[in-house]
Amino acid sequence: MAELLAQIWLWALAPFQDPRIAAAVPAFLVSWLIGNRNTALVCAVIAFCTIKLIIWLSGIPAGGAYQLPVEAAAGVGAGMALMGVHGIQDRVQGLKFKTLLSSIADSIRGKR
2 MAELLAQIWL WALAPFQDPR IAAAVPAFLV SWLIGNRNTA LVCAVIAFCT
52 IKLIIWLSGI PAGGAYQLPV EAAAGVGAGM ALMGVHGIQD RVQGLKFKTL
102 LSSIADSIRG KR
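2 is the number of the first residue of the sequence shown in the working numbering; add one for each residue after it.
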């Protein structure tokens with residue numbers, strides 16, 4: 002029974018060897034637990050898509066050989082959910098469409 006449980010555990014953790022998934026899952030879970038259920042999937046997608054950029058910016062070669070530990074990728078995903086993505090959400094929700102259009106029209110006319 003112990004061998005079966007060990008094999009199931011290894012099989013269940015296999016997807017998390019990829020830092021993109023290791024970043025996206027905590028981002029989704031933290032967003033969900035914070036209460037931002039409408040944007041949890043968006044946060045996970047942003048974490049999934051930007052972890053390679055973070056790896057590249059950190060100077061680690063991104064040629065398929067990830068040297069960033071999956072724990073660090075999970076921390077990056079959770080940090081994105083806590084700090085960046087939901088701060089952007091508040092700004093986007095506070096933006097009025099009419100104000101945006103008038104700002105664009107004023108910049109085209111040359112007014113400030």
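Glycine residues also receive a C-beta, built at the ideal position from the N, C-alpha and C atoms.
Tell me whether the stretch 5-13 and the stretch 37-45 touch, counting them as touching only if at least three CB pairs, one residue from each stretch, are closer than 8 angstroms.
no
Would you check if the distance between the CB atom of A1 and the CB atom of V31 is smaller than 8 angstroms?
Here the chain comprises residues numbered 2 to 113, so residue 1 is not present and cannot be evaluated.
*asked:* Once the 5 residues before and after V71 are set aside, which same chain residues still bring their CB inside 7 angstroms of it?
replied: F17, Q18, P20, A23
Any chance you could list the alpha helix (DSSP H) runs of at least 4 consecutive residues sitting entirely within the stretch 17-63, in chain order?
20-35, 41-58
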